[in-house]
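Read the structure below first, then the notes.
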Amino acid sequence: MSADPKTTLLALSPLDGRYAGKVDALRPIFSEFGLIKARVKVEVEWLLALANESGIVELAPFSDAASARLRKLADELSVEDAARVKEIERTTNHDVKAVEYLIKERLKDDAELGPALEFVHFACTSEDINNLSYALMLNEARQHVLLPRLDELIQKLRAMAHDYAALPMLSRTHGQTASPSTVGKEIANVVARLQRQGETLAGAQMPGKINGAVGNYNAHVSAYPDIDWPAFSQRFVASLGLDWQPYTTQIEPHDGIAEVCDAQRRIDTICIDLCRDVWGYISLGYFKQAVKAGEVGSSTMPHKVNPIDFENAEGNFGIANALFEHFAAKLPISRWQRDLTDSTVLRALGTAFGHALIGLDALLRGLGKLSANPERLAADLDASWEVLAEAVQTVMRRYGLPNPYEQLKALTRGQGINEASMREFIASLELPAEAKQRLLAMTPGSYTGLAEQLAREI
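Laid out in structure tokens, this is it:
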């Protein structure tokens with residue numbers, strides 16, 4: 001989308017204003033045009049299935065040329081075509097009916113397709129078209145935009161985990177100095193989490209239904225009682241690449257959409273966790289940020305390079321998650337067989353995924369500016385010899401020395417421990433020579449367990 005400054009400056013949502021160019025990949029999917037195009041596709045495919053696969057005697061199978069013309073109408077639907085739908089809607093005051101009328105309008109002069117006009121939208125309630133349309137839209141966004149961007153993030157983090165696999169850093173459990181890790185291992189933790197949730201997002205079913213006004217095929221059976229409508233419905237939904245939902249009221253219950261929203265929300269939550277940790281590590285000086293020529297870090301303090309990408313990402317993930325939480329809680333609820341509260345809520349799906357996409361982009365941009373600061377990491381480790389208390393007391397336990405935890409607690413808690421005092425304590429212990437030597441050779445920077453190995457294996 002070529003952003004017109006006049007248009008973006010007047011946009012109510014930042015997705016169509018400040019961030020318009022960052023959500024172009026989602027615009028053809030979740031916009032009003034995207035919804036209309038998906039509806040046309042479902043209507044066209046339903047008509048084709050009825051003609052070519054149902055055995056309805058009043059509807060002769062379409063020729064290959066006629067089938068191609070129908071699919072072309074759906075595949076090449078233009079913004080002008082969608083505008084015509086909106087023009088029709090001004091009369092019908094019904095958006096799905098307007099799509100039906102557009103298709104009929106385009107077919108009426110076709111010698112082969114014209115006689116099939118009354119089988120457009122045959123036995124369908126609007127929700128039959130809508131639920132399948134939204135399912136197609138979500139599938140497209142998931143497969144072609146969100147999962148590829150998530151994979152990009154995972155690959156970036158994996159590369160960092162490998163690059164920094166052996167670089168020691170001080171852990172800070174409860175904000176206090178704790179057993180050291182490596183920078184790579186801490187990043188590997190995030191990779192493992194994102195991989196798992198990415199698999200959940202990719203594997204979430206996307207159910208769909210096409211079974212009439214209250215889910216019982218009432219109209220279908222009244223017209224053609226001899227057709228196995230549930231089997232036909234199942235084949236049709238599967239042909240769209242969706243999972244068949246056999247039991248519904250008027251609406252598909254949206255549990256599948258809720259599952260996708262929950263999966264994306266967990267991904268966003270992991271990313272928020274990462275943003276906050278990296279923000280903290282930048283504050284500690286563990287990471288440096290590349291300075292981009294011309295950028296201003298602070299409007300008044302010229303020395304600053306603010307972690308703005310991580311802050312931007314965190315904020316956008318938060319907005320997305322507020323919406324995803326509402327979708328997951330609201331959409332599976334519908335009064336009796338149907339109420340329309342889901343209709344307006346579903347239109348905001350693109351807003352949530354748009355903010356999630358902006359968050360992913362900002363996070364990737366921020367990660368691309370980072371470089372570790374080994375000197376600062378080493379300085380913190382060298383000032384924290386008390387972290388070796390865990391290793392010492394564990395070895396003392398192995399060899400049966402009395403009260404190891406209590407002895408180390410008395411030595412380290414609330415006191416300044418340095419290299420000399422720690423080694424003096426170790427030297428005083430009645431340990432086998434090999435064990436004592438191993439402890440004496442240990443430093444905070446070398447006390448990282450299997451962190452390097454774990455980081456390289458991710």
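Under UniProt numbering, the first residue of the sequence shown carries the number 1, and numbering increases by one thereafter. Using N, Cα and C, we set each Cβ at its ideal position, and we do this for glycine too.
- Buried is the label assigned to residue 381, since at least 16 other Cβ atoms lie within 10 Å of its Cβ.
- Around the beta-carbon of residue 120, 16 or more other beta-carbon atoms lie within 10 Å, marking it buried.
- Minimum Cα-Cα distance from residue 84 among the listed residues 36, 111, 386 and 71 corresponds to 36.
- A contact is defined here as three or more CB-CB pairs under 8 Å, and the region 278-289 fails this definition with respect to the region 330-347.
- For residue 404, the uninterrupted alpha helix (DSSP H) segment begins and ends at 404-412.
- Taking C-beta separations shorter than 6 Å and ignoring five residues to either side along the sequence, the partners of residue 258 in its chain run 328, 331 and 332, following chain order.
- Less than 9 Å divides the Cβ of residue 198 from the Cβ of residue 147.
- For residue 234, the enclosing alpha helix (DSSP H) has its first and last residue at 229-239.
- Only exposed fits residue 247, as fewer than 16 other CB atoms lie within 10 angstroms of its CB.
- The beta carbon of residue 33 is closer than 7 Å to those of 79 and 82 in its chain, skipping five residues each way along the sequence.
- When 374, 366, 383 and 317 are compared, the shortest CA-CA separation from residue 359 is found for 317.
- Its Cα nearest to that of residue 139, the residue 26 stands out among 26, 45 and 57.
- From the listed residues 363, 229 and 340, the smallest Cα separation to residue 277 is found for 363.
- Its Cα nearest to that of residue 355, the residue 261 stands out among 261, 377 and 373.
- Contact annotation: the region 170-190 does not touch the region 208-217, with fewer than three C-beta pairs closer than 8 Å.
- Taking the Cα positions, residue 320 is about 51 Å away from residue 396.
- Counting every other CB atom within 10 Å of its CB across the protein chains shown gives residue 9 a total below 16, marking it as exposed.
- It is roughly 45 Å from the alpha-carbon of residue 273 to the alpha-carbon of residue 89.
- For residue 194, the closest C-alpha among the options 163, 150, 209 and 162 is that of 150.
- Rounded to whole angstroms, the gap between the alpha carbons of residue 42 and residue 133 is 7 Å.
- Residue 23 sits buried, since 16 or more C-beta atoms from the chains shown fall within 10 Å of its C-beta.
- Just so you know, the alpha carbons of residue 271 and residue 200 end up roughly 16 Å apart.
- About 19 Å separates the CB atoms of residue 385 and residue 406; that is not less than 8 Å, and the two are not in contact.
- Excluding the 5 residues flanking it on each side, residue 412 has same chain C-beta neighbours closer than 8 Å at 386 and 389, in chain order.
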